[in-house]
Amino acid sequence: MNKERYKEITDKIIPKEDKLKNGIVAFLVGGFIGLIGQIIVFILENNFNVVHKDATSIMIVILIFVASLCTALGFFDNLVSKAKAGLIVPITGFAHAMTSSMIDYKKEGLITGIGANAFKLTGSVILYGVVSAYIFGIVRYLFFGG
Amino acid sequence: MIFLYSFLFCGVVCLIGQIILDNTNLTPGHVTGLFVVVGAFLDSFGLYDKFIKWFGAGTLVPITSFGHSLIHGALAAAEDKGLLGLLGGMFSLTSVGIVAAIVFGFILTMIFKARD
Numbered sequence: 009m010n011k012e013r014y015k016e017i018t019d020k021i022i023p024k025e026d027k028l029k030n031g032i033v034a035f036l037v038g039g040f041i042g043l044i045g046q047i048i049v050f051i052l053e054n055n056f057n058v059v060h061k062d063a064t065s066i067m068i069v070i071l072i073f074v075a076s077l078c079t080a081l082g083f084f085d086n087l088v089s090k091a092k093a094g095l096i097v098p099i100t101g102f103a104h105a106m107t108s109s110m111i112d113y114k115k116e117g118l119i120t121g122i123g124a125n126a127f128k129l130t131g132s133v134i135l136y137g138v139v140s141a142y143i144f145g146i147v148r149y150l151f152f153g154g
Numbered sequence: 005m006i007f008l009y010s011f012l013f014c015g016v017v018c019l020i021g022q023i024i025l026d027n028t029n030l031t032p033g034h035v036t037g038l039f040v041v042v043g044a045f046l047d048s049f050g051l052y053d054k055f056i057k058w059f060g061a062g063t064l065v066p067i068t069s070f071g072h073s074l075i076h077g078a079l080a081a082a083e084d085k086g087l088l089g090l091l092g093g094m095f096s097l098t099s100v101g102i103v104a105a106i107v108f109g110f111i112l113t114m115i116f117k118a119r120d
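Here the protein sequences come in this chain order: A and B. Note that the first sequence covers residues 9 to 154 in the numbering used here. Note that the second sequence covers residues 5 to 120 in the numbering used here.
Structural data, given as structure tokens:
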């Protein structure tokens, strides 16, 4: 079978993803998580008298804990496959990537499994975040005076 | 009103991510990596701080705020200690998120089994 014929057949079989629907779902889910974050900060500030800076930290910890728990319980993957970027782009995606890569390699042992693979997916976020922040930071510090 | 702005900001960032995912061959790993770099870039001109002021805590939820926090902590420490502070302060704001993700992830991995 030549390549063009193969592509023709696979194009027919593979279902077309509805980009508009994906976009709307990602917008609504992502926006909802942002809304939850704002609500948590609002409640902490007004009902528990937490300083704003601490309130945002606690909010991030709560979101990470919920995402990790949902990943460990096993139903976060289904949610991600439906909401896609709506759950990957917020900090929940970071926690999901970390927990799922740990839990997937659990059977290979503590060191070679969990330890070696914990940062398999989140490593790129940390690496490129740190490198770009360092380069932008140096440029800002040296040329614009901090 | 700040609730609506939070919703809109976080939603729009996710929408941009979804558009990139749908129209290119990039994986979610590429998109999150790209967004962190964009967040760090936006904060190097103080723009992300203005977003936080305008749109509330919804701006701290997307992964772009991770890049923002990295460079923000680094620059704050650089004012005291110069170039050494740029290294030392890098994780001063983001350590909450990273440590929480590591600790919760590990504890929950110990408790639960992988599902197929």
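Think of the CB as a built atom: it goes at the ideal place given N, C-alpha and C, for glycine as much as any other residue.
Cβ-Cβ distance between residue i and residue j below 8 Å
i              : j              : result
A141 (chain A) : L74 (chain B)  : yes
K92 (chain A)  : L25 (chain B)  : yes
G137 (chain A) : F70 (chain B)  : yes
T120 (chain A) : G109 (chain B) : no
I99 (chain A)  : I134 (chain A) : no
G15 (chain B)  : F35 (chain A)  : yes
I23 (chain B)  : V40 (chain B)  : no
G94 (chain A)  : G38 (chain A)  : yes
T64 (chain A)  : L64 (chain B)  : yes
L112 (chain B) : S76 (chain A)  : yes
A82 (chain B)  : I111 (chain A) : no
S48 (chain B)  : V88 (chain A)  : no
F13 (chain B)  : G43 (chain B)  : no
L81 (chain A)  : F45 (chain B)  : no
Y52 (chain B)  : H34 (chain B)  : no
Any non-hydrogen atom of the ligand GTP within 7 Å of residue i CB
i             : result
G93 (chain B) : Inclusion of the ligand GTP in the displayed structure is not the case, the ligand content being empty and no account of it being possible.
Distance between beta carbons of residue j and residue i, contact taken as under 8 Å
i              : j              : result
G145 (chain A) : A78 (chain B)  : 5 Å
K90 (chain A)  : V33 (chain A)  : 7 Å
G60 (chain B)  : S10 (chain B)  : 5 Å
P32 (chain B)  : I96 (chain A)  : 5 Å
I68 (chain A)  : G101 (chain B) : 5 Å
I47 (chain A)  : F7 (chain B)   : 7 Å
Extent of the continuous alpha helix (DSSP H) run through residue i
i              : result
I22 (chain A)  : Unbroken run through I22 (chain A): none, as it is neither H nor E.
L130 (chain B) : Since the displayed chain B opens at 5 and closes at 120, residue 130 (chain B) lies outside it and no answer follows.
Y113 (chain A) : Taken as a continuous stretch (DSSP letters only), Y113 (chain A) belongs to no alpha helix (DSSP H), as it is neither H nor E.
A80 (chain A)  : H60 to L81
M94 (chain B)  : Per DSSP, M94 (chain B) belongs to no alpha helix (DSSP H) and is neither H nor E.
A44 (chain B)  : P32 to D47
F127 (chain A) : Per DSSP, F127 (chain A) belongs to no alpha helix (DSSP H) and is neither H nor E.
K90 (chain A)  : F84 to A91
A34 (chain A)  : K27 to N55
K117 (chain B) : Here K117 (chain B) belongs to no alpha helix (DSSP H), and DSSP marks it neither H nor E.
N27 (chain B)  : I6 to N27
A141 (chain A) : G131 to F151
I56 (chain B)  : L51 to F59
Which residues DSSP lists as bridging residue i, in chain order
i             : result
P98 (chain A) : B:P66
Cβ of residue i within 8 Å of any chain E Cβ
i              : result
L112 (chain B) : Absent from the structure: chain E. Protein chains present are A and B.
Scan the region 24 to 39 of chain B for residues whose Cβ lies nearer than 9 Å to a Cβ of chain A and list them as they occur along the chain.
-> I24, L25, D26, N27, P32, G33, H34, V35, T36, G37, L38 and F39
Chain B contacts from the region 82 to 105 of chain A (Cβ-Cβ distance under 7 Å) | G82, K92, A93, G94, I96, V97, P98, I99, G101, F102 and A103
Determine which residues of the region 27 to 44 of chain A have a Cβ less than 9 Å from any Cβ of chain B, and write them out in chain order.
-> K27, N30, G31, I32, V33, A34, F35, L36, V37, G38, G39, F40, I41, G42, L43 and I44
Using Cβ-Cβ distances below 7 Å, what residues of the region 53 to 69 of chain A are close to chain B?
-> T64, S65, M67, I68 and V69
Mind listing which residues of the region 131 to 142 of chain A have their C-beta closer than 9 Å to chain B's C-betas, in chain order?
-> S132, V133, I134, L135, Y136, G137, V138, V139, S140, A141 and Y142
Residues within the region 55 to 67 of chain B neighbouring chain A, beta-carbon criterion of under 7 Å = G60, A61, G62, L64, V65, P66 and I67
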